[in-house]
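Asks: Order-wise, the sequence lines are chains B and X.
Residue numbers for the first sequence follow my numbering, beginning at 1 and rising by one.
Residue numbers for the second sequence follow my numbering, beginning at 112 and rising by one.
Each residue gets a CB set at the ideal place from its N, CA and C atoms; glycine is no exception.
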Amino acid sequence: QKEVEQDPGPLSVPEGAIVSLNCTYSNSAFQYFMWYRQYSRKGPELLMYTYSSGNKEDGRFTAQVDKSSKYISLFIRDSQPSDSATYLCATTRGGYQKVTFGTGTKLQVIP
Amino acid sequence: GAGVSQSPRYKVAKRGQDVALRCDPISGHVSLFWYQQALGQGPEFLTYFQNEAQLDKSGLPSDRFFAERPEGSVSTLKIQRTQQEDSAVYLCASSLSGLAGGTDTQYFGPGTRLTVL
């Protein structure tokens, strides 16, 4: 079993919809939680990170972590065609550089 | 400014050949990482350098994989006697310091797509 599980999708939504992307993890030692966006044939780029449990908002994006249930979420409001990409959840332990990624969820926003 | 660059972008090798993949990190970045991304999967950690020191190589799949960063800047990932299962995108990332987690963003290059025939 992978340390970080993520539904691979694909997920197809109409423009303007609210998108919910989710991951679960198994290692209680994970403390930092990140979401990366990866366009086709490009490297991942960091969207957001949170430390421990709680919510963090940045424009149309909200990241949510619930450590009690080991659940990570990313919400995208008013989705745009330019949001079409693969979204990767990721996590790491404090004081350690190795980042563990989920498999990624492919999102398509249809105009 | 320039981001992380990788070369070549695409590499086709015959099984058994040796390959060398290059990564140019962002200037001044202390930390450098290599990841392997198979089709339809997330990146998998291979190895980590802080300056020229290789601090973690636990993700290298076999002794055919070797990475170096001799002067603390450019890094090379070498794969000897390539096998078909080595076919993947190899991603390089760099970060400014040696600090952990999301407080120190890892910037990724575009990757090298390796195909072993």
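Report yes or no: is there a C-beta of chain B within less than 9 Å of the C-beta of glutamate 196 of chain X?
Replies: Translated into positions along the second sequence, residue 196 of chain X becomes position 85. Not closer than 9 Å to any Cβ of chain B, the Cβ of glutamate 196 of chain X fails to qualify, so no.
Asks: Counting contacts by CB-CB distance shorter than 9 Å, is phenylalanine 176 of chain X in contact with chain B?
Replies: Residue 176 of chain X sits at position 65 when you count from the first residue of the second sequence. By this cut-off, phenylalanine 176 of chain X is not an interface position.
Asks: In whole angstroms, what is the alpha-carbon distance linking lysine 125 of chain X and glutamine 191 of chain X?
Replies: Walking along the second sequence from the start, residue 125 of chain X turns up at place 14. Walking along the second sequence from the start, residue 191 of chain X turns up at place 80. C-alpha separation (whole angstroms): 11 Å.
Asks: Relative to the C-alpha of alanine 63 of chain B, which candidate in B:Ala29, B:Cys89 and B:Leu11 has its C-alpha closest?
Replies: Your numbering for residue 63 of chain B matches position 63 in the first sequence. Here the closest residue by C-alpha is B:Cys89.
Asks: Three Cβ pairs or more, each shorter than 8 Å: is that satisfied between the region 125-135 of chain X and the region 180-197 of chain X?
Replies: At 8 Å Cβ cutoff, the stretches touch.
Asks: Output needed for glycine 114 of chain X: all residues of its chain with C-beta closer than 8 Å, excluding positions within five of it in sequence on either side, in chain order.
Replies: Within the second sequence, the letter at position 3 stands for residue 114 of chain X. Answer for glycine 114 of chain X: Ile137, Tyr218 and Gly220, listed in chain order.
Asks: Output yes if chain X places a C-beta closer than 9 Å to the C-beta of alanine 90 of chain B; else output no.
Replies: Numbered from 1 along the first sequence, position 90 holds the residue referred to as residue 90 of chain B. Taking Cβ atoms only, chain X reaches closer than 9 Å to alanine 90 of chain B, which makes this a yes.
Asks: From threonine 50 of chain B to lysine 56 of chain B, what distance separates their C-alpha atoms?
Replies: Residue numbering aside, residue 50 of chain B sits at position 50 when the first sequence is read from its first letter. Residue numbering aside, residue 56 of chain B sits at position 56 when the first sequence is read from its first letter. Between threonine 50 of chain B and lysine 56 of chain B, the C-alpha separation is close to 7 Å.
Asks: So proline 136 of chain X contacts chain B; which residues on that side make the cut at Cβ distance below 7 Å?
Replies: Working through the second sequence from its first residue, we reach residue 136 of chain X at position 25. Simply none; closest approach about 12 Å.
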